[in-house]
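Take a look at the structure set out below.
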Amino acid sequence: MRDIICPNCGKAFQVDETGYADILKQVRDEEFDKQLHERLELAEREALARVEKAELAKELSIKQSLDEAERSRDRAIQDLEALRRESAAALELAQSEAQKALESAASARDLQIQDLRAKLEASATARQLAVREAVGEVEKQRDELAGKLERSVLEKELAEKALKDKYETQIKDRDDAIERLKEMRARLSTKMLGETLEQHCETAFNQIRATAFPRAYFEKDNDARSGSKGDFIFRDRSEDGVEIVSIMFEMKNEADTTATKKRNEDFFKELDKDRNEKDCEYAVLVSLLESDSELYNSGIVDVSHRYPKMYVIRPQFFIPMITLLRNAALGALAYKSELALVKAQNIDITTFESDLDAFKTAFAKNYDLASRRFQTAIDEIDKSIDHLQKTKDALLGADRNLRLANDKAQDVTIKKLTRKNPTMAEKFRQLADDDETK
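Each residue of the sequence shown is one higher than the last, beginning at 1 in this note's numbering.
Here's what the structure looks like:
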């Protein structure tokens, strides 16, 4: 039998050994389970609080931290459960040893009970120390996780603020640029827009005129005698005065607020007409119309299938287009020089033939006048002076000679004149071939 003193009233009562062991076991199990459940509930509440807080952030980095916190919680729970199992095993072992000691020797019961109490106290102390260490580890991990969460939230807020400031600045700059563009477009009329594009092209050409095109002519087309005119005419010549290339330019632009949008092909016919009237080889439309067209935004557009040697370009291709056409024409410069020489020779031959025809016409006219006068003189001589028969015969002879001279003059041809002149014969033959070709 064992005496147990009530801690409240101080009264002693006796219990047998079996009841005492049951009470001791219940006290140990209930106290340990209570503390274990409190720690588990505390850890679970803290983990749930961290999960809820991490869900509000909705960021990948915070989610990863929460996953790590959950893994830490699971590890802490596993460690606590292992500790509980170890403590339970130790308690069971101690109880078994105590039971054996009670059964084996009643005389040593008091000593064994004291030993058990000492073991119990040591076990409780160890259990408390283990629980404290586990709680300390959990609190440390919680503090580290809280610090990480705070740093992540702070970094996220700073990044969001920097990104927001950056985009707000860009949006403000864009809005300012749009506002300035709208104000400029509102102030410009359609004519002013066209003049702005013309000034841009003229300035771009004048910047390189002295170095790239020293002998070129690039001026506004002011000749509107046919009812229309282009914007600019470009002509370039070689050192000996032979024209290399000639281009008729037309510049077209319009405001964004224009109700009826023009198309580039609306100006092809008029541009081709101006090119032909001003005797230009090429026609180029510098246009900002149809700004969304992939065709015209891709570069230089050849519309020769509609009108010969006609192109449509954006303003940035203005100088490259002139350079391209001029360089292409340089390859044909030798042929143009030869053609100009042949034309000059043809003009000389045509002039020679015209002079010859004029001579023949004047000679025939003079002959006709001389013939009439001679006939009048002969008639007068026949009527008045018979003894001037010799003079009449002489005059008749002169008339015959003049008639023969006229016949010979009328019989003069280019073929006879060039019979002994191969050079002139070849030139006249070439001239005849050119006339037949035309």
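Using N, Cα and C, we set each Cβ at its ideal position, and we do this for glycine too.
If you reduce the DSSP assignment to three classes, tell me which class residue i lands in.
i: Lys309; result: coil
i: Val153; result: helix
i: Leu188; result: Note that Leu188 has pLDDT 40, beneath the 50 cutoff, so the model's placement of it is unreliable and the number below is only indicative. Coil.
i: Leu285; result: strand
i: Ser246; result: strand
i: Phe213; result: coil
i: Ile442; result: Given a span of 1 to 438 for the chain in the structure shown, any question on residue 442 remains unanswerable.
i: Ala204; result: helix
i: Arg237; result: strand
i: Pro320; result: helix
i: Lys53; result: helix
i: Glu219; result: strand
i: Lys252; result: strand
i: Leu193; result: Model confidence at Leu193 stands at a pLDDT of 44, short of 50, so the residue's coordinates are unreliable and nothing is read from them.
As a quick exercise: from the options, pick the residue whose alpha carbon is nearest that of residue i.
i: Ser298; options: Leu129, Pro315 and Ala283; result: Pro315
i: Leu36; options: Leu48, Leu83, Ser246 and Arg73; result: Leu83
i: Met97; options: Lys119, Ile77, Glu81 and Phe317; result: Inspection of the sequence shows that residue 97 is occupied by Glu rather than by Met. It is Lys119 whose Cα lies nearest to the Cα of Glu97.
i: Phe218; options: Lys161, Thr18, Gln199 and Asp379; result: Gln199
i: Ala362; options: Glu380, Lys390, Gly136 and Asn406; result: Asn406
i: Ala394; options: Arg127, Gln141, Gln375 and Gln128; result: Gln375
i: Arg225; options: Thr125, Lys273 and Ser291; result: Lys273
i: Asp67; options: Lys148, Ser123 and Thr125; result: Lys148
i: Ala332; options: Ala76, Ile244, Tyr311 and Leu288; result: Ile244
i: Phe234; options: Phe205, Arg403 and Ala122; result: Phe205
i: Leu330; options: Gln430, Asp368 and Val242; result: Val242
i: Glu239; options: Phe213, Asn264 and Asp223; result: Phe213
i: Glu92; options: Arg275, Ser354, Leu116 and Arg71; result: Leu116
i: Gly227; options: Leu271, Thr203 and Glu202; result: Leu271
i: Glu499; options: Leu324, Leu396, Glu52 and Glu17; result: The structure shown does not extend to residue 499, since the chain spans only 1 to 438, so no value can be given for it.
i: Leu369; options: Arg174, Gln64, Arg403 and Ser152; result: Arg403
i: Cys439; options: Phe317, Asp379 and Glu38; result: The displayed coordinates of the chain run from 1 to 438. Any statement about residue 439 would go beyond what the structure contains.
i: Lys229; options: Arg275, Glu426, Arg151 and Arg132; result: Arg275
Hey, residue i and residue j are a contact pair by Cβ (cut 8 angstroms); roughly how many whole angstroms apart?
i: Asp221; j: Lys278; result: 7 angstroms
i: Tyr440; j: Ile319; result: Nothing about residue 440 can be reported from this structure: the residues present for the chain run from 1 to 438 only.
i: Glu338; j: Leu285; result: Wrong, their Cβ atoms sit about 32 angstroms apart, outside the cutoff.
i: Asp236; j: Ala216; result: 4 angstroms
i: Val303; j: Phe268; result: 7 angstroms
i: Leu289; j: Lys262; result: 5 angstroms
i: Leu40; j: Leu80; result: 7 angstroms
i: Ala76; j: Ala43; result: 6 angstroms
i: Ser123; j: Ala90; result: 6 angstroms
i: Arg50; j: Leu154; result: About 17 angstroms separates the two Cβ atoms, so there is no contact after all.
Take the Cβ of residue i as the centre, count every other Cβ of all protein chains shown within 10 Å, and call the residue buried at 16 or more, exposed below.
i: Thr190; result: In this prediction, Thr190 scores a pLDDT of 38, lower than 50, which makes its location untrustworthy; the coordinate-derived value is nonetheless stated afterwards. It counts as exposed.
i: Glu86; result: exposed
i: Asn253; result: buried
i: Leu60; result: exposed
i: Met192; result: Bear in mind that the predicted position of Met192 carries a pLDDT of just 38, short of 50, making it unreliable; the figure below should be weighed with that in mind. Looking at its Cβ environment, which holds fewer than 16 other Cβ atoms inside 10 Å, Met192 is exposed.
i: Glu46; result: buried
i: Ile171; result: exposed
i: Cys280; result: buried
i: Cys9; result: exposed
i: Ile322; result: buried
i: Asn401; result: exposed
i: Tyr296; result: buried
i: Arg73; result: buried
i: Asn327; result: exposed
i: Glu179; result: exposed
i: Ala210; result: exposed
i: Leu163; result: exposed
i: Tyr167; result: exposed
i: Glu294; result: exposed
i: Arg373; result: exposed
i: Leu324; result: exposed
i: Arg71; result: exposed
i: Arg127; result: buried
i: Leu111; result: exposed
At the 8 angstroms Cβ level, is residue i part of the contact set with chain B, yes or no?
i: Asp165; result: Included in the structure is just one protein chain, with no chain B present.
Which ranges would you report for the alpha helix (DSSP H) in the segment 70–101 if only whole runs of at least 4 residues count?
Runs of the alpha helix (DSSP H) inside the segment 70–101: none found.
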